[in-house]
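A quick write-up on the structure given underneath.
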Amino acid sequence: MDPRSEVLLRQAELFQGSLLLAGLPADDLLGRLPGAVGWSWHAGEQQLLNKRFSGRCSFGVAPPPGEYVAAVLFLPKSRELTDYVLQALAAQLAGRPLYLVGEKRAGVERAAKQLASLGRARKLDSARHCQLWQGEIEQTPAVPDLDALAHQFTLELDDGPLQVISLPGVFSHGRLDVGSALLLEHLDNLPSGRVLDFGCGAGVIGATLKRRYPQSELVLLDVDAFAVESSRRTLAANGLEAEVIAGDGIDAAPRQLAAIISNPPFHQGVHTNYHASETLIERAAEHLSSGGELRLVANAFLRYPPLIEQHLGACQTVVERNGFRIYRAICS
Ligand SMILES: C[S@@+](CC[C@H](N)C(=O)[O-])C[C@H]1O[C@@H](n2cnc3c(N)ncnc32)[C@H](O)[C@@H]1O
Numbered sequence: 002m003d004p005r006s007e008v009l010l011r012q013a014e015l016f017q018g019s020l021l022l023a024g025l026p027a028d029d030l031l032g033r034l035p036g037a038v039g040w041s042w043h044a045g046e047q048q049l050l051n052k053r054f055s056g057r058c059s060f061g062v063a064p065p066p067g068e069y070v071a072a073v074l075f076l077p078k079s080r081e082l083t084d085y086v087l088q089a090l091a092a093q094l095a096g097r098p099l100y101l102v103g104e105k106r107a108g109v110e111r112a113a114k115q116l117a118s119l120g121r122a123r124k125l126d127s128a129r130h131c132q133l134w135q136g137e138i139e140q141t142p143a144v145p146d147l148d149a150l151a152h153q154f155t156l157e158l159d160d161g162p163l164q165v166i167s168l169p170g171v172f173s174h175g176r177l178d179v180g181s182a183l184l185l186e187h188l189d190n191l192p193s194g195r196v197l198d199f200g201c202g203a204g205v206i207g208a209t210l211k212r213r214y215p216q217s218e219l220v221l222l223d224v225d226a227f228a229v230e231s232s233r234r235t236l237a238a239n240g241l242e243a244e245v246i247a248g249d250g251i252d253a254a255p256r257q258l259a260a261i262i263s264n265p266p267f268h269q270g271v272h273t274n275y276h277a278s279e280t281l282i283e284r285a286a287e288h289l290s291s292g293g294e295l296r297l298v299a300n301a302f303l304r305y306p307p308l309i310e311q312h313l314g315a316c317q318t319v320v321e322r323n324g325f326r327i328y329r330a331i332c333s
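Using this note's numbering, the letters of the sequence shown correspond one by one to residues 2 to 333.
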């Protein structure tokens, strides 16, 4: 059981009836709170929860509509996303409580101040390195407008400007990451066909690829609903078409790909997590056609080359700059 769920269950009497659990972990909490439903923006966790608790967890960028007696927010990793989700939940909760639970080191005290801007907030419990806060929504805020919260910026690329739209909580929100910038400069000589942007974020790489290789079929994949929605908006803003998939890890990607291009993830919230990137490298060959290419940008300190050599074959370092490297390997 996630420690945040354990903290909730210390006062289970508060969480009976039709409760909405937002950003909940993929643990047994829905089993312990039979009246509750979940809202997740993580495709993998939502899938796990729905396997165990059929139909009780929705996925997307907005809370499932309904009459809830209360809602609990499990602290998300970004401040902007916390603001958006708190407001989206509060808009459905006139006069009813909105709880917030999170790890101290993830910034729950800072988020409690955000909660306090919506109504009176008080700390109910502190245990397992987590805190539980309760807010009373005094004045129901308007449903937040995601369009207004989106950051829009323009990248001046060699082949013209690219509009990028990024929603709260999306990687490198509102700016271009250094690693992604390096990758954008090294997208030449890719095989054409079906090409995957793995961990697409706001869709910068996938949209650039579609524009540079219009004859290729682009697939953009991300685990996060806000990233998926951002990518759709980025593609539309540039008049580009591609398939956008919400899925967890390379297993969710199609096969017979001509290339997989990625600035792969290695951070998740306050915890470092290499799982998705390592699995990508280990299983890339299953998703690439013979002669297909894996091209990655990564921090130079990450020891990906031995893993790439083990699972795909010779790993070439295309360039190294500002602590980032681009690797490429061809599937035999
Ligand atoms: C380093 S960011 C790169 C984003 C984007 N490609 C760019 O260059 O700006 C990695 C992305 O991988 C996504 N991600 C994390 N874990 C994932 C997983 N298990 N499956 C798919 N995508 C994942 C994150 O949501 C994030 O958008």
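Glycine included, each C-beta is placed from N, C-alpha and C at the ideal position.
With 16 other CB atoms within 10 Å as the buried threshold, where does residue i fall?
i             : result
aspartate 198 : buried
valine 320    : exposed
threonine 209 : buried
proline 66    : exposed
aspartate 223 : buried
proline 255   : exposed
alanine 149   : exposed
arginine 53   : exposed
threonine 83  : buried
glutamine 115 : buried
In its own chain, which residues sit with a C-beta less than 7 Å from the C-beta of residue i, not counting the 5 before and 5 after it?
i              : result
isoleucine 331 : Gly292, Glu294, Gly314
glycine 18     : Gly36, Val70
glutamate 279  : Leu308
proline 64     : Leu21, Ala23, Trp40, Ala89, Leu90, Gln93
Have a look at the DSSP bridge pairing and note the partners of residue i.
i                 : result
glutamine 164     : Thr155
phenylalanine 199 : Leu222, Ser263
phenylalanine 60  : Ser41
glutamate 310     : Looking at the DSSP assignment, glutamate 310 forms no beta bridge with any residue, so it has no partner.
alanine 23        : Trp40, Leu74
valine 1          : The structure shown has nothing for residue 1, since the chain only spans 2 to 333.
Following the continuous beta strand (DSSP E) through residue i, name the residue where it begins and the one where it ends.
i             : result
alanine 260   : 258-263
threonine 141 : Unbroken run through threonine 141: none, as it is neither H nor E.
lysine 124    : 120-128
alanine 330   : 325-331
valine 171    : No beta strand (DSSP E) contains valine 171, which DSSP labels as neither H nor E.
arginine 322  : 317-322
Taking 6 Å as the limit between beta carbons, can you name the residues of its chain near residue i, skipping five residues before and five after?
i             : result
glycine 180   : Asn264, Val298, Phe325
alanine 277   : Gly250, Pro266
leucine 289   : Leu258, Cys332
glutamine 88  : Pro142, Pro145
leucine 30    : Ser6
asparagine 51 : Cys58
aspartate 3   : Pro26, Asp28
From what residue to what residue does the alpha helix (DSSP H) around residue i run?
i            : result
serine 181   : 179-185
alanine 286  : 276-288
glutamate 14 : Unbroken run through glutamate 14: none, as it is neither H nor E.
glutamate 68 : No alpha helix (DSSP H) contains glutamate 68, which DSSP labels as neither H nor E.
Just checking residue i against ligand 3 - is the residue's beta carbon closer than 8 Å to any of the ligand's heavy atoms?
i           : result
proline 265 : Absent from the structure shown: ligand 3. Ligands present: ligand 1.
Which same chain residues end up closer than 8 Å to residue i when comparing Cβ atoms and leaving out the 5 residues on each side of it in sequence?
i           : result
serine 79   : Pro169, Gly170, His174
leucine 183 : Val298, Val320, Arg322, Asn323, Phe325, Ile327
serine 193  : Tyr214, Gln216, Ser217, Ala259
### Query
Unbroken alpha helix (DSSP H) runs of length 4 or more, entirely within the stretch 213-256: which are they?
Whole alpha helix (DSSP H) segments, 4+ residues: 226-238.
### beta strand (DSSP E) segments (min. 3 residues) lying fully within the stretch 72-113
Restricted to the stretch 72-113, the beta strand (DSSP E) segments that are unbroken, complete and at least 3 residues in length are 98-104, listed in chain order.
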